[in-house]
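Residue numbers (numbering that gives the first Met the number 0), protein chains in the order written: chain S, 0 to 307; chain R, 0 to 274. Built from N, CA and C at the ideal position, the CB exists for glycine as well.
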Amino acid sequence: MSEYLISARGLTKKFGDFTAVNSIDFDVSKGESFGLLGPNGAGKSTVMRMIGATSQRNAGDLTILGKDPELNGPQIRAHLGVVPQQDSLDMHLSVSENLYIYGRYFGLPRKFVKGKIEELLTFAQLEEKRDAKVEALSGGMKRRLTIARALVSEPEILMLDEPTTGLDPQARHILWDRLFRLKEQGVTLVITTHFMDEAEQLCDRLIVMDKGSIMAEGSPASLIKDYSTKEVLEVRFGSDRNQEVADKLRAMCERIEELPDRVLMYTEDGEALLEKIYASGLHPKTSLVRRSSLEDVFLRLTGRTLIE
Amino acid sequence: MFIPMAVAIAEARVGKRGERYYSGRVPQLLERGFIAFKSSTWMIVLSGFVEPVLYLLSFGYGIGKLLPTITVGNESIKYAVFIAPALLATSAMNGAIYDSTMNVFFKLNHDRIYHGMLATSMGPLDVALGEIGWALLRGFSYACAFMAVVAPLGLIPSLWGLLAIPAAVLIAFGFASCGMAVTSYMKSFQQLEIITVFLLPMFLFSGSFYPLTVFPEWLQFTVNLLPLTHAINLVRGLCLGHINMGLVGHALYFVIMIICGLFFTTKRLNALFMK
Numbered sequence: 000m001s002e003y004l005i006s007a008r009g010l011t012k013k014f015g016d017f018t019a020v021n022s023i024d025f026d027v028s029k030g031e032s033f034g035l036l037g038p039n040g041a042g043k044s045t046v047m048r049m050i051g052a053t054s055q056r057n058a059g060d061l062t063i064l065g066k067d068p069e070l071n072g073p074q075i076r077a078h079l080g081v082v083p084q085q086d087s088l089d090m091h092l093s094v095s096e097n098l099y100i101y102g103r104y105f106g107l108p109r110k111f112v113k114g115k116i117e118e119l120l121t122f123a124q125l126e127e128k129r130d131a132k133v134e135a136l137s138g139g140m141k142r143r144l145t146i147a148r149a150l151v152s153e154p155e156i157l158m159l160d161e162p163t164t165g166l167d168p169q170a171r172h173i174l175w176d177r178l179f180r181l182k183e184q185g186v187t188l189v190i191t192t193h194f195m196d197e198a199e200q201l202c203d204r205l206i207v208m209d210k211g212s213i214m215a216e217g218s219p220a221s222l223i224k225d226y227s228t229k230e231v232l233e234v235r236f237g238s239d240r241n242q243e244v245a246d247k248l249r250a251m252c253e254r255i256e257e258l259p260d261r262v263l264m265y266t267e268d269g270e271a272l273l274e275k276i277y278a279s280g281l282h283p284k285t286s287l288v289r290r291s292s293l294e295d296v297f298l299r300l301t302g303r304t305l306i307e
Numbered sequence: 000m001f002i003p004m005a006v007a008i009a010e011a012r013v014g015k016r017g018e019r020y021y022s023g024r025v026p027q028l029l030e031r032g033f034i035a036f037k038s039s040t041w042m043i044v045l046s047g048f049v050e051p052v053l054y055l056l057s058f059g060y061g062i063g064k065l066l067p068t069i070t071v072g073n074e075s076i077k078y079a080v081f082i083a084p085a086l087l088a089t090s091a092m093n094g095a096i097y098d099s100t101m102n103v104f105f106k107l108n109h110d111r112i113y114h115g116m117l118a119t120s121m122g123p124l125d126v127a128l129g130e131i132g133w134a135l136l137r138g139f140s141y142a143c144a145f146m147a148v149v150a151p152l153g154l155i156p157s158l159w160g161l162l163a164i165p166a167a168v169l170i171a172f173g174f175a176s177c178g179m180a181v182t183s184y185m186k187s188f189q190q191l192e193i194i195t196v197f198l199l200p201m202f203l204f205s206g207s208f209y210p211l212t213v214f215p216e217w218l219q220f221t222v223n224l225l226p227l228t229h230a231i232n233l234v235r236g237l238c239l240g241h242i243n244m245g246l247v248g249h250a251l252y253f254v255i256m257i258i259c260g261l262f263f264t265t266k267r268l269n270a271l272f273m274k
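Okay, structure coming up:
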């Protein structure tokens, strides 16, 4: 068995003429928290489904725990906990019944599953909702239940497809906290997201995907270091004037990005740059200095923003 | 090295026949059906039993007054005795169709329950057999309940009629596997209406309420191709004790339906979830 839990070489998936995943290579090590960052339609979910042995590749190699998902689907799925993008909870059952029956689907004995339920309810902070119908839960609770459900089989790899999309900030932070705990327990996480803050918070290492290809790979910090500057100055001159001043601004720093509503200026020292702008006689309506993020990396790599 | 129990269970199935499609989890799916059933709408459950009884009361005793006997072969029988087996066969069909179309459509497209199921170490054939198995359990209990009502009324003249219960389960199996196959191809809720458009005329023309001999030849021929006609002939033959090789033919019709239905359901679920 190779040293990697998941290993892909030339992994390709086509739907008719459309190439959803275009010959990508990556490896995921044990205990690692691995991210796939990219906009909607980048091919992240397709990669997740191929790893999850619910979608067959068209070309390339894919090995999960030393096995080929095309030949050993059930055995691979037994190792995985899957949290899909859209909830697939059983609406006809209560919270604890959902956990129970999901364990049974893996063929686990009744006694074993019943023993797991308490632990999982505590983990998901749903002890008081154990007898509630799934429909009555909030979005954040449903997500936590889905994660708890995925853990019932004690998986080594937890696959999370856009885990916090559609949740409010508080619910997201609760969820992140739960995922950190899993990571501490040694569970390998594979996460897709189009939120850069999520990728920065949760991932040790990630690949940036766009249109089915990998644009870059590395830790969040190294990606920012390699593809962006230390700081970013965001200035707004009003949507009609942004373009007018762009040329002047471009001359003042390493690189700029013109967005419809603002101009991003890449620099090692944002405050100094802002002073320079004022000194040149320009007066932005608003300005903001911030640290570079993965959003900037993505913009640099693709010329587009993550959320469009 | 620590091996999670779920993995050990899946590994134990390596090398078994059809292991990529089937993991032997039908009992678990029936367990799910039972848990959901405990809190389900009892009206739907009850209606499956009440419907044939109401038909029997209104037609059997209403029309039965105007038409005291009806001739089948050389035998003259009471009208209620004539229609009771047909109602049993029809209720087996209706129950199976309800469970395998409406219910399946919602689980497939709305609740996405099968998506969750197939992310586990189960396969699509587990899901197909489990869902159909549940429809059969329901069909079996309806058939028993119906027999418990009609037999004491003297509407089942032959002891062979006991075999009408397994026959009803066979019929339900045929309709459920085909119903699920058809539903798995449906894109919208409206398309499900097509099934109703097909079922209602079949119910009315398949010889439930009068012998097919009243029809012109060409219509008899057409009606004889329909599954419900075979279902009614099978159950009626058993209830009346008219045992002949024809009954085997009717049963075979359903065996073929079952095989085709399961084949297409598994194929389609595989295409939907394992693409």
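Going by CA-CA distance only, name the one from the options that's closest to residue i.
{"i": "residue 219 (chain S)", "options": "S:63, S:260, S:287 and S:297", "result": "S:297"}
{"i": "residue 99 (chain R)", "options": "R:134, R:126, R:37 and R:2", "result": "R:134"}
{"i": "residue 232 (chain R)", "options": "R:88, R:15 and R:13", "result": "R:88"}
{"i": "residue 29 (chain S)", "options": "S:222, S:187 and S:273", "result": "S:187"}
{"i": "residue 182 (chain S)", "options": "S:167, S:171, S:201 and S:192", "result": "S:201"}
{"i": "residue 60 (chain S)", "options": "S:44, S:31, S:85 and S:21", "result": "S:21"}
{"i": "residue 191 (chain R)", "options": "R:178, R:202 and R:201", "result": "R:178"}
{"i": "residue 281 (chain R)", "options": "R:181, R:12 and R:150", "result": "Outside the shown range of chain R, which is 0 to 274, sits residue 281 (chain R), and nothing can be said about it."}
{"i": "residue 350 (chain S)", "options": "S:79, S:101 and S:211", "result": "Residue 350 (chain S) lies beyond the stretch modelled for chain S, which goes from 0 to 307, so this question has no answer here."}
{"i": "residue 173 (chain S)", "options": "S:158, S:203, S:141 and S:284", "result": "S:141"}
{"i": "residue 283 (chain S)", "options": "S:291, S:68, S:274 and S:301", "result": "S:274"}
{"i": "residue 203 (chain R)", "options": "R:48, R:15, R:13 and R:58", "result": "R:58"}
{"i": "residue 255 (chain R)", "options": "R:245, R:226, R:271 and R:243", "result": "R:226"}
Should residue i be labelled buried (16 or more other beta-carbon atoms within 10 Å of its own) or exposed?
{"i": "residue 64 (chain R)", "result": "exposed"}
{"i": "residue 268 (chain R)", "result": "buried"}
{"i": "residue 275 (chain R)", "result": "Residue 275 (chain R) lies beyond the range of chain R shown here (0 to 274); nothing can be said about it."}
{"i": "residue 357 (chain S)", "result": "Any question about residue 357 (chain S) goes unanswered here, given that chain S covers just 0 to 307."}
{"i": "residue 106 (chain S)", "result": "buried"}
{"i": "residue 61 (chain R)", "result": "exposed"}
{"i": "residue 0 (chain S)", "result": "With a pLDDT of only 47 at residue 0 (chain S), under 50, the local geometry of the prediction cannot be trusted, and the value read off the model is given with reservation. Residue 0 (chain S) is exposed by the Cβ-count criterion."}
{"i": "residue 25 (chain S)", "result": "buried"}
{"i": "residue 139 (chain S)", "result": "buried"}
{"i": "residue 115 (chain S)", "result": "buried"}
{"i": "residue 14 (chain S)", "result": "exposed"}
{"i": "residue 285 (chain S)", "result": "exposed"}
{"i": "residue 113 (chain R)", "result": "buried"}
{"i": "residue 171 (chain S)", "result": "buried"}
{"i": "residue 45 (chain R)", "result": "exposed"}
{"i": "residue 302 (chain S)", "result": "exposed"}
{"i": "residue 2 (chain R)", "result": "exposed"}
{"i": "residue 184 (chain R)", "result": "exposed"}
Hey, residue i and residue j are a contact pair by Cβ (cut 8 Å); roughly how many whole angstroms apart?
{"i": "residue 57 (chain S)", "j": "residue 11 (chain S)", "result": "5 Å"}
{"i": "residue 34 (chain S)", "j": "residue 223 (chain S)", "result": "In fact, because the Cβ distance is near 14 Å, the residues do not count as touching under 8 Å."}
{"i": "residue 138 (chain R)", "j": "residue 103 (chain R)", "result": "Not confirmed; about 15 Å, so no contact."}
{"i": "residue 104 (chain S)", "j": "residue 19 (chain R)", "result": "Rounded, the Cβ-Cβ distance is 16 Å, inconsistent with contact."}
{"i": "residue 228 (chain S)", "j": "residue 270 (chain S)", "result": "Incorrect: roughly 14 Å between the Cβ atoms, too far for contact."}
{"i": "residue 85 (chain R)", "j": "residue 235 (chain R)", "result": "6 Å"}
Return no unless some Cβ of chain A is closer than 8 Å to the Cβ of residue i.
{"i": "residue 270 (chain R)", "result": "Protein chains S and R are contained in the structure displayed, whereas chain A is not."}
Apart from the five residues just before and just after residue i, which ones in its own chain have a Cβ nearer than 8 Å to its Cβ?
{"i": "residue 262 (chain S)", "result": "233, 234, 235, 236, 241, 244, 245, 248, 255 and 256"}
{"i": "residue 97 (chain S)", "result": "88, 89, 133, 144 and 148"}
{"i": "residue 22 (chain R)", "result": "9, 12, 120, 121, 122 and 125"}
{"i": "residue 9 (chain S)", "result": "22, 23, 24, 58, 59 and 60"}
Identify, in the order they occur along the chain, each residue of the same chain with its Cβ nearer than 6 Å to the Cβ of residue i, setting aside the five sequence neighbours on each side.
{"i": "residue 129 (chain S)", "result": "94, 95 and 120"}
{"i": "residue 28 (chain R)", "result": "129"}
{"i": "residue 238 (chain R)", "result": "84, 155, 160 and 163"}
{"i": "residue 80 (chain S)", "result": "149, 150, 154 and 157"}
{"i": "residue 287 (chain S)", "result": "233"}
{"i": "residue 145 (chain R)", "result": "51 and 87"}
{"i": "residue 286 (chain R)", "result": "Missing from the structure shown is residue 286 (chain R); chain R here goes from 0 to 274 and no further."}
{"i": "residue 32 (chain R)", "result": "133"}
Sorted by chain position, which residues of the same chain lie with C-beta nearer than 7 Å to residue i's C-beta, five sequence neighbours on each side aside?
{"i": "residue 43 (chain S)", "result": "35, 37, 191 and 208"}
| query | Taking contact to mean at least 3 C-beta pairs separated by less than 8 Å, is the segment 111–128 of chain R in contact with the segment 68–78 of chain S? | reply | yes
| said: For the segment 216–233 of chain R against the segment 67–82 of chain R, do three or more pairs of beta-carbon atoms, one drawn from each stretch, fall closer than 8 Å, so that the two count as touching? | reply: no
| request: Could you tell me whether the segment 0–20 of chain R touches the segment 253–272 of chain S, using the rule of 3 or more Cβ pairs below 8 Å? | output: no
| field | Given 8 Å, three or more beta-carbon pairs between the segment 173–182 of chain S and the segment 87–95 of chain S | value | no
| So does the segment 163–179 of chain R actually touch the segment 228–247 of chain R, counting three or more Cβ pairs closer than 8 Å? | yes
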